[in-house]
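Written out below as structure tokens is the structure these notes cover.
In our numbering, the protein residues as written are 17 to 117.
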């Protein structure tokens, strides 16, 4: 028999995601907070955007906050593309390592 500790992110009584580490769960919860704030900000805009689109867009922006921040600071897509490619490569390596374990 083994004991596993799981960290569950719950929003409005709905289980959103389960993680093996508290650090990952906290990061996801923080990202959801940012997505909520971005959604509220988008709703205040004069743009006529459907609620589903706002939710999707705010989640995407929160999920890619580092790239968005770089774009806003530098104004160049080139730096973002190289960063995104590095993250994809790192993710592939991590998945390969996890699968090998």
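Glycine residues also receive a C-beta, built at the ideal position from the N, C-alpha and C atoms.
- For the set 82, 21 and 42, the Cα lying nearest the Cα of residue 36 is the one of 21.
- For residue 56, the enclosing alpha helix (DSSP H) stretches over residues 38-59.
- Annotated as proximal: residue 84 and residue 77, with beta-carbon spacing under 7 Å.
- Going by beta carbons, residue 75 and residue 43 fall outside the 7 Å limit.
- Collapsing the DSSP output to three states places residue 66 in coil.
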